[in-house]
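Q:
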Amino acid sequence: MPPDRKEIVRDSYAAFAAGDRSFFEQRLSDGFQFSAPPDPKLDREGYFQRCWPGAGRGQHFDFVRLIEAGDEVVVTYESAAPGGARGRNTEVFTFDDQDKIIRTEVYFGWNVE
Numbered sequence: 020m021p022p023d024r025k026e027i028v029r030d031s032y033a034a035f036a037a038g039d040r041s042f043f044e045q046r047l048s049d050g051f052q053f054s055a056p057p058d059p060k061l062d063r064e065g066y067f068q069r070c071w072p073g074a075g076r077g078q079h080f081d082f083v084r085l086i087e088a089g090d091e092v093v094v095t096y097e098s099a100a101p102g103g104a105r106g107r108n109t110e111v112f113t114f115d116d117q118d119k120i121i122r123t124e125v126y127f128g129w130n131v132e
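Per the numbering used here, the very first residue in the sequence shown carries number 20; after that it's consecutive.
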């Protein structure tokens with residue numbers, strides 16, 4: 020039975036919150052690319068340099084949607100910032116044929132009351 024890609028994505032948020040880099044070392048493809056408005060087209064090394072310092076803070080993610088379509092999983096979640104403000108982001112995870120994450124695109128900026 021092939022891995023459940025939605026479960027891999029859910030697990031990636033838990034691993035990020037826990038600071039479990041080994042999860043990402045196993046799940047990101049060698050050609051991984053990360054893009055967000057301030058950080059377009061970071062490679063795997065760039066992702067760990069730029070984004071990983073935010074990991075391991077025990078963040079909690081409330082999933083609003085998880086949709087699998089073809090080789091992509093689209094996630095919208097809400098979370099609280101350290102100051103208590105809540106925000107909503109949408110991310111698109113693309114998988115390769117070996118069920119490794121080859122690309123993540125982040126769209127953010129929604130404030131939630």
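Virtual Cβ for every residue (Gly too), placed ideally from N, Cα, C.
In this text, all values refer to a predicted model and were calculated from it rather than measured experimentally.
Distance check for residue 42 and residue 121, CA to CA, integer angstroms please.
A: 14 Å
Q: One question on the structure: do residue 53 and residue 123 come within less than 8 Å of each other, judged by their Cβ atoms?
A: yes
Q: Excluding the five sequence neighbours on either side, which residues of its own chain have a C-beta within less than 6 Å of the C-beta of residue 127, listed in chain order?
A: 108
Q: Smallest Cα separation from residue 39: which of 86, 67, 102 and 119?
A: 67
Q: Residue 131: buried (16+ other C-beta within 10 angstroms of its C-beta) or exposed?
A: exposed
Q: Tell me residue 122's beta-bridge partners as DSSP assigns them.
A: 52 and 113
Q: Check whether the stretch 81–94 touches the stretch 58–72, taking contact to mean three or more Cβ pairs, one atom from each stretch, closer than 8 Å.
A: no
Q: Going by beta carbon distance, what residues of the same chain come within less than 6 Å of residue 111, once the five residues before and after it are set aside?
A: 91, 93 and 124
Q: What are the boundary residues of the beta strand (DSSP E) that includes residue 88?
A: 80–88
Q: With respect to the beta strand (DSSP E) encompassing residue 62, which residues constitute its N-terminal and C-terminal limits?
A: Start and end: 58–62.
Q: For a test of the three-state rule: what should DSSP assign to residue 74, helix, strand or coil?
A: Coil, per DSSP.
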